[in-house]
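*Asks:*
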Amino acid sequence: MLWSGWGDPAKAADLPEPIRKLLHEMLGVRPPRGRAADFGEVRLPAVALSPLVLTELRGVVGADHVRFDDDARIRHTRGKSTPDLLRMRAGDGSDAPDAVVLPGSHDEVLAVLATCAAHRVAVVPFGGGTSVVGGLVATRQGFAGVVALDLARLNRLVAVDRESMVAEMEPGLRAPQAEQLLAGHGLTLGHFPQSFEYATLGGFAAARSSGQASAGYGRFDDMVVGMTVATPRGTLDLGRAPASAAGPDLRQVILGSEGAFGVITSLRLRVRPAPAERVYEGWRFESFAAGSAALRRLAQEGTVPTVLRLSDETETMIGLARPSEIGALAAGAGCLAIAGYEGFSEVPALRERVAAVASGLGGVYLGPGPGESWAHGRYSAPYLRDSLLAAGATVETLETAGFWSNLPRLYEAVRLSLHASLGSPLVMCHISHVYGTGASLYFTVVTAQADDPVGQWEAAKRSVNEAIVTAGGTISHHHGVGRDHREAHAVEIGDLGVEILRGIKDRLDPGGILNPGVLVAPEKPVS
Ligand SMILES: Cc1cc2nc3c(=O)[nH]c(=O)nc-3n(C[C@H](O)[C@H](O)[C@H](O)COP(=O)(O)OP(=O)(O)OC[C@H]3O[C@@H](n4cnc5c(N)ncnc54)[C@H](O)[C@@H]3O)c2cc1C
Numbered sequence: 111m112l113w114s115g116w117g118d119p120a121k122a123a124d125l126p127e128p129i130r131k132l133l134h135e136m137l138g139v140r141p142p143r144g145r146a147a148d149f150g151e152v153r154l155p156a157v158a159l160s161p162l163v164l165t166e167l168r169g170v171v172g173a174d175h176v177r178f179d180d181d182a183r184i185r186h187t188r189g190k191s192t193p194d195l196l197r198m199r200a201g202d203g204s205d206a207p208d209a210v211v212l213p214g215s216h217d218e219v220l221a222v223l224a225t226c227a228a229h230r231v232a233v234v235p236f237g238g239g240t241s242v243v244g245g246l247v248a249t250r251q252g253f254a255g256v257v258a259l260d261l262a263r264l265n266r267l268v269a270v271d272r273e274s275m276v277a278e279m280e281p282g283l284r285a286p287q288a289e290q291l292l293a294g295h296g297l298t299l300g301h302f303p304q305s306f307e308y309a310t311l312g313g314f315a316a317a318r319s320s321g322q323a324s325a326g327y328g329r330f331d332d333m334v335v336g337m338t339v340a341t342p343r344g345t346l347d348l349g350r351a352p353a354s355a356a357g358p359d360l361r362q363v364i365l366g367s368e369g370a371f372g373v374i375t376s377l378r379l380r381v382r383p384a385p386a387e388r389v390y391e392g393w394r395f396e397s398f399a400a401g402s403a404a405l406r407r408l409a410q411e412g413t414v415p416t417v418l419r420l421s422d423e424t425e426t427m428i429g430l431a432r433p434s435e436i437g438a439l440a441a442g443a444g445c446l447a448i449a450g451y452e453g454f455s456e457v458p459a460l461r462e463r464v465a466a467v468a469s470g471l472g473g474v475y476l477g478p479g480p481g482e483s484w485a486h487g488r489y490s491a492p493y494l495r496d497s498l499l500a501a502g503a504t505v506e507t508l509e510t511a512g513f514w515s516n517l518p519r520l521y522e523a524v525r526l527s528l529h530a531s532l533g534s535p536l537v538m539c540h541i542s543h544v545y546g547t548g549a550s551l552y553f554t555v556v557t558a559q560a561d562d563p564v565g566q567w568e569a570a571k572r573s574v575n576e577a578i579v580t581a582g583g584t585i586s587h588h589h590g591v592g593r594d595h596r597e598a599h600a601v602e603i604g605d606l607g608v609e610i611l612r613g614i615k616d617r618l619d620p621g622g623i624l625n626p627g628v629l630v631a632p633e634k635p636v637s
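So the sequence shown is numbered by my numbering: it starts at 111 and just counts up by one.
So, in structure tokens, the structure goes:
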């Protein structure tokens, strides 16, 4: 993973000159003033942890599994949002943890938490490091240091209960490793977010992730039937039946808690048979409204493909600007929808039912070309972001969700806010996940970098967060709260909601050492 960008460094590419020229003409993008910092130029704070704490941590996990070299610290600094990458490109390593600790078992996690609690050291659970909401930056104030608790060594497929279709898996497994292990049993989780290549199972659960095939396989939180959690107060073991009326569901307290309530050390996950057939195809609708109506009908009738998404007019046009085989859309682009089917003998009948609904609502069938093209490039956008950043463009994504009746208002509110903050950015959107009652909207924004690109984006982001909440949307459908959405989330759930979250945190983590500042603000600043 690139320390100041996304993914495999071998896949990084410069933007071709014609695209740079187009960006300049359309958005006024110019090459950034300075060059990006080299790895050796990143400015890191001195290690704040005392030798005593480091010795105790080594005693718990072994000397090899406590690292405080520059390489480990830089690679555990922040996540992968655009401001995170811009800061790293500027050589700003000020949020680096003092040490990276790699526990090898649940008991070691408990012991690390006990050591850190005793010495008032903040602990940031670290999965794949792909958070885009500031979920990996701890407040330092009031703490003797910050430790990144990297769960990479907890990477086993522990057991498969074939009869119940449940797999017990450890949280440090990256998604491709997890899929590979399950494939050995003919199974799949079916969780394919755009961060698939690097994100982990623990991170998916902690941030309530949703994958591109959620219409068919469900959100990640739907897949979690049980979990084991290490907290500073001890162990929580949750979920012993497919459903239960035994009080409120405490799994839901941990799902989405983003490392602030406890460390997930094991997950029991619903699995599915690996599909025998995969078909992805494209549909064209005249407008975003017409396409949305078709997606709504499909979702409400329960005629849902595994993947179902719809790009707005702008995203469709930009997609066409790429050399690809979706020329069928070129004239009067309209809006492109992708329907993907992963399954068995039921696939042909489902395709027919979807086709009947889509064509009945004005959809034009485009064949497999656009679908295959989408499937082929589904993990490539983050690499393009690196190229755009290097060329002087800021590109970032944001997402929300709302009920169908409110979706057009939400869509307009986000676009208006981004235009008001950024002048004339390029704003693209697609419906990324559908439900009977509503859908999520996923926006991509491209604009010319200002002299202070981080400040430029943070101001725009504050306004758009406010616009989302005011327009009745949720502040996040699948990225989570972290630090970046904390204030808007507090407005969304109200003072009483915040008090409940604080109360839970105080009970599970009385010293407040777990991911301080993430999800919920401390009642008073720690002194
Ligand atoms: C390019 C890109 C594309 C993305 N696409 C998607 C997408 O399609 N769908 C989607 O849902 N998200 C997406 N994301 C966001 C991100 O990948 C998800 O939030 C993912 O769930 C994070 O997993 P991770 O393993 O990287 O967790 P991290 O980033 O390491 O951690 C995320 C949060 O969870 C906490 N945490 C991690 N592991 C544990 C644990 N075991 N116990 C307790 N807390 C823990 C961390 O402290 C942090 O607050 C994308 C991000 C990027 C950069």
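Just so it is clear, CB atoms sit at the ideal spot from N, CA and C, and this is done for glycine as well.
Remember, predicted model here, so these are calculated numbers, not experimental data.
If you draw a straight line from the alpha carbon of Val163 to that of Arg593, how long is it in whole angstroms?
*Replies:* The sequence position of residue 163 within the sequence shown is 53, counting from 1. The sequence position of residue 593 within the sequence shown is 483, counting from 1. Taking the straight line from one Cα to the other gives about 27 Å.
*Asks:* By the 10 Å Cβ neighbour count, where 16 or more other Cβ atoms means buried, how is Met136 classified, buried or exposed?
*Replies:* Start at 1 with the first residue of the sequence shown, and residue 136 comes out as number 26. Met136 should be labelled exposed.
*Asks:* By how many angstroms is the C-alpha of Val417 removed from the C-alpha of Pro383?
*Replies:* Here residue 383 corresponds to residue number 273 of the sequence shown, with the count starting at 1. Here residue 417 corresponds to residue number 307 of the sequence shown, with the count starting at 1. For Pro383 and Val417, the distance between alpha carbons rounds to 17 Å.
*Asks:* Apply the 10 Å Cβ neighbour rule to Asp124 and answer buried if 16 or more other Cβ atoms are within range, or exposed otherwise.
*Replies:* Numbered from its first residue, the sequence shown carries residue 124 at position 14. Per the 10 Å Cβ criterion, exposed.
*Asks:* Are the CB atoms of Pro235 and Asn625 nearer to each other than 8 Å?
*Replies:* Counted from its first residue, the sequence shown places residue 235 at position 125. Counted from its first residue, the sequence shown places residue 625 at position 515. In this structure, Asn625 lies closer than 8 Å to Pro235 by Cβ.
*Asks:* Does at least one heavy atom of ligand 1 sit under 7 Å from the Cβ of Val139?
*Replies:* Counted from its first residue, the sequence shown places residue 139 at position 29. Every heavy atom of ligand 1 is 7 Å or more from the Cβ of Val139, so no.
*Asks:* Checking 8 Å against the spacing of the C-beta atoms, do Gly282 and Leu264 come in under that value?
*Replies:* Within the sequence shown, residue 282 is the residue found at index 172, counting from 1. Within the sequence shown, residue 264 is the residue found at index 154, counting from 1. For Gly282 and Leu264, yes; Cβs fall inside 8 Å.
*Asks:* What distance in whole Å lies between the Cβ atoms of Trp484 and Tyr390, which are believed to be in contact at a cut-off of 8 Å?
*Replies:* Mapped onto the sequence shown, residue 390 falls at position 280. Mapped onto the sequence shown, residue 484 falls at position 374. So it is a contact: roughly 6 Å between Cβ atoms.
*Asks:* Please indicate yes or no: does the CB of Ile374 lie closer than 7 Å to some heavy atom of ligand 1?
*Replies:* As a first step, residue 374 is located in the sequence shown; it is residue number 264 there, counting from the start. For ligand 1, at least one heavy atom lies less than 7 Å from the Cβ of Ile374.
*Asks:* Using only the heavy atoms of ligand 1, determine whether one of them is closer than 7 Å to the beta carbon of Thr310.
*Replies:* Residue mapping note: residue 310 aligns to position 200 of the sequence shown, counting from 1. Correct: Thr310 has its Cβ closer than 7 Å to ligand 1.
*Asks:* With a cut-off of 8 Å on the beta carbons, I'd call Leu520 and Gly582 a contact; round off their distance for me.
*Replies:* Counted from its first residue, the sequence shown places residue 520 at position 410. Counted from its first residue, the sequence shown places residue 582 at position 472. Rounded, the Cβ-Cβ distance is 7 Å, consistent with contact.
*Asks:* Nearest by alpha-carbon distance to Gly546: which of Ile603, Ala600, Arg197, Leu408 is it?
*Replies:* Within the sequence shown, residue 546 is the residue found at index 436, counting from 1. Per the Cα distances, Leu408.
*Asks:* Near Ala293, what residues of its chain come up, given a Cβ to Cβ distance below 8 Å and the 5 sequence neighbours on each side ignored?
*Replies:* By one-based count along the sequence shown, residue 293 stands at place 183. Once the five neighbours on either side are set aside, the close Cβ partners of Ala293 are Ala384.
*Asks:* What does a CB cutoff of less than 6 Å around Thr187 pick up in its chain, not counting 5 residues either side in sequence?
*Replies:* Numbered from its first residue, the sequence shown carries residue 187 at position 77. If we look at Thr187 and ignore the five residues flanking it on each side, its Cβ neighbours are Gly203, Asp205, Ala206.
*Asks:* In angstroms with no decimal places, state the Cα-to-Cα distance between Thr580 and His599.
*Replies:* What you label residue 580 is simply residue 470 of the sequence shown in a count that begins at 1. What you label residue 599 is simply residue 489 of the sequence shown in a count that begins at 1. C-alpha separation (whole angstroms): 12 Å.
*Asks:* Measuring only from the beta carbon, is His588 closer than 7 Å to any heavy atom that is part of ligand 1?
*Replies:* The residue labelled residue 588 in the question sits at position 478 within the sequence shown. His588 Cβ: within cutoff of ligand 1.
*Asks:* Is Ala317 near ligand 1, with its Cβ less than 7 Å from a heavy atom?
*Replies:* Against the sequence shown, residue 317 aligns to sequence position 207. True, at least one ligand heavy atom lies under 7 Å from that Cβ.
*Asks:* Would the beta-carbon of Pro458 be found less than 7 Å away from any heavy atom of ligand 1?
*Replies:* In the sequence shown, the residue the question calls residue 458 occupies position 348. No, the Cβ of Pro458 stays beyond 7 Å of every heavy atom of ligand 1.
*Asks:* What does Pro390 pair with, by DSSP beta-bridge criteria?
*Replies:* Locating residue 390 in the sequence shown gives position 280, where the first residue counts as 1. Looking at the sequence itself, residue 390 is Tyr, so the reference to Pro does not match. Gly450.
*Asks:* Can you list, in chain order, the residues of its chain with a C-beta nearer than 7 Å to that of Arg130? Leave out the 5 residues immediately preceding and following it.
*Replies:* Taking the first residue of the sequence shown as 1, we reach residue 130 at position 20. Excluding positions up to five away in sequence, the list reads Ala501.
*Asks:* Got a sec? Which residues, its chain only, sit under 7 Å from Ala631 by beta carbon, not counting five neighbours each side?
*Replies:* For this step, residue 631 is matched to residue 521 along the sequence shown. For Ala631, where only same-chain residues beyond five positions count, the Cβ hits under 7 Å are Arg596.
*Asks:* Sorry if obvious, but does the Cβ on Trp116 come closer than 7 Å to a heavy atom of ligand 1?
*Replies:* Residue numbering aside, residue 116 sits at position 6 when the sequence shown is read from its first letter. Yes, the Cβ of Trp116 comes within 7 Å of a heavy atom of ligand 1.
*Asks:* So, helix, strand or coil for Val163, using DSSP?
*Replies:* Against the sequence shown, residue 163 aligns to sequence position 53. The answer is helix: DSSP assigns Val163 an H, G or I state.
*Asks:* With a floor of 3 residues, list each beta strand (DSSP E) that falls wholly inside the region 503 to 528, ordered by position along the chain.
*Replies:* Taking only runs of at least 3 residues, the beta strand (DSSP E) segments lying wholly in the region 503 to 528 are 503 to 513.
*Asks:* Quick check on Tyr451: buried or exposed, where buried means 16 or more other Cβ atoms within 10 Å of its Cβ?
*Replies:* Along the sequence shown, read from residue 1 onward, the residue named residue 451 stands at position 341. Label assigned to Tyr451: buried.
*Asks:* What did DSSP end up calling Ser483 once you bin it into helix, strand or coil?
*Replies:* Locating residue 483 in the sequence shown gives position 373, where the first residue counts as 1. Residue state, collapsed to three classes: helix.
*Asks:* Is the closest heavy atom of ligand 1 to the C-beta of Thr424 under 7 Å?
*Replies:* Looking up residue 424 in the sequence shown gives position 314. Every heavy atom of ligand 1 is 7 Å or more from the Cβ of Thr424, so no.
*Asks:* Figure out for me which residue from Ser114, Glu506, Ala569 has the closest Cα to the Cα of Cys539.
*Replies:* Indexing the sequence shown from 1 puts residue 539 at position 429. Here the closest residue by C-alpha is Glu506.
*Asks:* Since Gln566 contacts Pro142 with CB under 8 Å, what's their CB separation in whole angstroms?
*Replies:* On the sequence shown, residue 566 is found 456 positions in, with the first residue counted as 1. On the sequence shown, residue 142 is found 32 positions in, with the first residue counted as 1. About 12 Å separates the two Cβ atoms, so there is no contact after all.
*Asks:* Beta carbon of Val231, beta carbon of Val257: below 8 Å?
*Replies:* The sequence position of residue 231 within the sequence shown is 121, counting from 1. The sequence position of residue 257 within the sequence shown is 147, counting from 1. Taking 8 Å as the Cβ cut-off, Val231 and Val257 qualify as a contacting pair.
*Asks:* In chain order, what residues of the same chain lie with their CB nearer than 6 Å to the CB of Thr165, ignoring the 5 residues before and after it?
*Replies:* For the purposes of this step, residue 165 is taken as residue 55 along the sequence shown, with counting starting at 1. Counting only Cβ-Cβ distances below 6 Å, and skipping sequence neighbours, we find nothing.
*Asks:* Can you find at least 3 beta carbon pairs, one from the region 395 to 405 and one from the region 464 to 478, that sit closer than 8 Å?
*Replies:* Yes, they touch.
*Asks:* Taking DSSP as the reference, what is the three-state secondary structure of Ser253?
*Replies:* Translated into the one-based positions of the sequence shown, residue 253 becomes position 143. One detail in the question is off: residue 253 reads as Phe in this sequence, not Ser. Coil, per DSSP.
*Asks:* Between the alpha carbons of Ala323 and Ala386, how many angstroms are there, rounded?
*Replies:* Position 213 of the sequence shown, counted from the start, is the residue given in the question as residue 323. Position 276 of the sequence shown, counted from the start, is the residue given in the question as residue 386. Each residue's Cα considered, the two are about 16 Å apart.
*Asks:* Going by DSSP, which residues form a beta bridge with Met337?
*Replies:* Reading the sequence shown from its first residue, position 227 is the one you call residue 337. Leu348, Leu377.
*Asks:* Nearest to Val334 by alpha carbon, out of Ala400, Val556, Ala277, Ala262?
*Replies:* Along the sequence shown, one-based indexing puts residue 334 at 224. The shortest Cα separation from Val334 among Ala400, Val556, Ala277, Ala262 belongs to Ala277.
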